[in-house]
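Student: Before I ask anything, let me first share the structure, which is written out below as structure tokens.
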Amino acid sequence: MKILVCISHVPDTTSKINFTNGDSEFDTNGVQFVINPNDEFGLTRAIWFKEKQGANVTVVNVGGPDAEATLRKALAIGADEAIRVNANPTDGFFVAKQLAEVAKQGNYDLIIAGKESLDYNGGMVPGMLAALLDFDFVNSCISLDVDGDQAKAVREIDGGKETLSTKLPLVIGGQKGLVEEKDLKIPNMRGIMMARQKKLNVMEPVSADNTTKAVKFEKPAPKSAVKLVDADNLDELVNLLHNEAKVI
Amino acid sequence: MSILIYAESVEGKFKKTTFELASYAKKIATEAGTTLTAVTVNAEDESALGQYGVDKVLSVKSDKLKAFNAKAYSDVIKQAAEKEGSKIVVFTSTTDSLYTAPLVAVELEAGFASNVVALPESLSPFTVKRTAFSNKAFNITEISTDVKVIAIGKNSFGLEEAQADAAVEEFSPSLNDNDFTISVENVEKVTGKVTIADAEIVVSGGRGLKGPENWGMIEELAGVLGAATACSKPVSDLGWRPHSEHVGQTGKPVASNLYIAVGISGAIQHIAGINASKVKVVINSDPEAPFFKVADYGVVGDAFEIVPKLTEKLKEFKANNS
């Protein structure tokens, strides 16, 4: 089985979010970047397939040279090779187009992407990629088993879960549940050393339209300080929730 | 040219998010000087949409579409958009709508923006305000394609009545076998409980509650408020509560009107997942807990004393205000 795992290179959750260039761009200054958490669950599941059922795992990112550190980390965790599409990932459709091209060239059976990235939270790339390839697609996927060309996937629904039967080739929008947090791997020294020897191919992007553009970023208005209510005066809390916040 | 919404129904019935969607899209239709059309799949009472401004309903009734199927549903919505000549298609942010919307966008060669939290800032160029960076920022996005697809965040607009006809027209899109390559084997759904996705109010417990045996008081508080129960990540990792209750960055997102955090310190990953909630209340014995920095109201003290007392106060309040 050939697996392609799509990796977003995103600011760590604890990063300070600031903007630059007239508030039109994210300020990467001093920001630590990581593998997008939803992608990391998918990557770990892909490596599970590799170890238990035999699979070749390629990781791909659409981004600039700075994303290579994140791809190397994915290689250190256990992916076999990496591809970077050399383009600025500013629009979901553009990214999906690039990934579709990589997918077509590599004839992958299974493509795993995180259901959304931590930065733009667009949640559109997996679905768009599936639509462009005309592959089956399962979003919000919390469990995946593959047997030959048959697959069984569980997806989260509002208020529960649903088990789906589908087949390869398949695109997954993955999240926690594909593996648990405790199963996530921290690269060890051997993995890091081996990652240096693995192939990281750089591809130029195919031409595709940008369908959207981030014109400007804004930060929420500063929050007023918390109103503390005395533990012996909970009537006041009820009163505030009713008359001031109007939520009960 | 009408604006199109996908009016999602669950077991034939519309939920509040669908009426919120109609309210929102009606405003755009009025602004654009056009009408609002809804496409429904196996919905029962389509006329209910008229109260929130829907002029016309394309009603699809099909046994083949009994179970939700993103590919087939996206095919239906695409054909509805083409029939109406719609340039703007609007979705809610339910799990199923967010599953379908990107597929529709590709089919219609449309740009897509999710998490939209306000009416378009302008229709030409078409720009919308959306949340990004886990609610830590807003992003004004321009969609430059001829057709635009957007999904609005839950509770970001509210309900607004606007009487319209909701003239129901039967609609029979053509479906092909390729739409049905995925089949549903099994559905497990909680019944008789408010789900986090639907909840106006969420009551959430953290490690400060010391053990699963202490969740009775959380459930009682939630019961009085008609709220859903939720928990922090450590609590689900410890197995005190099911994973389906885990809210936060890697758990379920919460965008309720009121979020009450009991014994949750407020790790940044937790806040990222619940920050879209309008009003946040924290109950914690540690006045230094980071949650106090993001909360609107806070009570410092022992949750085991405060929560039962608060439940009693709310019972009295409900008795006097119903």
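As they're listed, the protein sequences go chains A and B.
Going by the working numbering, 226 is the number at position 226 of the first sequence; the sequence numbering is gapless.
Each position in the second sequence, counted from 1, maps to that position plus 1000 in the working numbering.
Backbone N, C-alpha and C fix where the C-beta goes; we use that ideal spot for every residue, glycine too.
1. Just to make sure I have the definition right: I need the residues of chain A whose C-beta is within less than 7 Å of the C-beta of B/THR1035. Which are they?
2. Count Cβ pairs between the region 1194 to 1201 of chain B and the region 1224 to 1241 of chain B that sit closer than 8 Å; are there 3 or more?
3. In chain order, what residues of the same chain lie with their CB nearer than 7 Å to the CB of A/ILE248, ignoring the 5 residues before and after it?
4. Under 8 Å, Cβ to Cβ, is there at least one residue of chain A near B/ILE1028?
5. In chain A, what lies closer than 8 Å to B/GLY1334 by C-beta?
6. Under a CB-based cut-off of 8 Å, is B/THR1092 close to chain A?
7. What is the DSSP secondary structure of B/GLU1185, counted as helix, strand or coil?
8. Are the region 189 to 198 of chain A and the region 1094 to 1108 of chain B touching by the rule of at least three beta carbon pairs closer than 8 Å?
9. Does the Cβ-Cβ distance between A/SER165 and B/TYR1099 come in under 8 Å?
10. Determine the direct distance from the alpha carbon of A/ASP209 to that of B/ASP1144, and round the result to whole angstroms.
11. Rounded to the nearest angstrom, what separates A/GLU68 and A/ARG84 at their Cα positions?
12. Can you list the residues of chain A that B/SER1322 reaches, using a CB-CB cut of under 8 Å?
13. Step through the CB atoms of chain A and report whether any lies within less than 8 Å of the CB of B/TYR1073.
14. For the beta strand (DSSP E) that contains A/ASP147, what are its first and last residues?
15. What separation, rounded to the nearest whole angstrom, lies between the Cα atoms of A/GLU25 and A/TYR120?
16. Within this structure, are the beta carbons of B/THR1037 and B/VAL1060 separated by less than 8 Å?
17. Which residue marks the beginning of the alpha helix (DSSP H) containing A/THR70, and which one marks its end?
18. Please list the residues of the region 212 to 225 of chain A that have a C-beta atom closer than 9 Å to any C-beta atom in chain B, keeping them in chain order.
19. Based on the DSSP secondary-structure assignment, which residues constitute the bridge partners of B/HIS1246?
20. List, in order along the chain, the chain A residues whose C-beta lies closer than 9 Å to that of B/SER1183?
21. For B/LEU1021, count neighbouring Cβ atoms within 10 angstroms of its own Cβ and tell me buried if that reaches 16, exposed if not.
22. Whole angstroms is fine: what's the gap from A/LYS216's alpha carbon to A/PHE19's?
23. Within 8 Å of any Cβ in chain A, is that where the Cβ of B/GLN1079 sits?
Tutor: Straight from the coordinates:
1. Near B/THR1035 there are no residues of chain A at all, since even the closest Cβ is about 26 Å away, more than 7 Å.
2. yes
3. LEU241 and HIS242
4. no
5. The structure shown does not extend to residue 1334 of chain B, since chain B is modelled only from 1001 to 1322, so the question has no answer here.
6. no
7. strand
8. No, the region 189 to 198 of chain A is not in contact with the region 1094 to 1108 of chain B.
9. no
10. Going by the sequence as given, residue 1144 of chain B is Ser instead of Asp. The straight-line gap from Cα to Cα measures roughly 10 Å.
11. 7 Å
12. Neighbours of B/SER1322 on chain A: none; closest Cβ ~12 Å, over 8 Å.
13. no
14. Counting along the chain, the beta strand (DSSP E) containing A/ASP147 begins and ends at 136 to 147.
15. Per the coordinates, the alpha-carbon of A/GLU25 lies some 12 Å from the alpha-carbon of A/TYR120.
16. No, these two residues do not count as a Cβ contact at 8 Å.
17. 68 to 77
18. THR212, LYS213, ALA214, VAL215, LYS216, PHE217, GLU218, LYS219, PRO220, LYS223, SER224 and ALA225
19. According to DSSP, residue pairing for B/HIS1246 in a beta bridge involves B/CYS1231.
20. LEU164, SER165 and THR166
21. buried
22. 9 Å
23. B/GLN1079 does not count as touching chain A.
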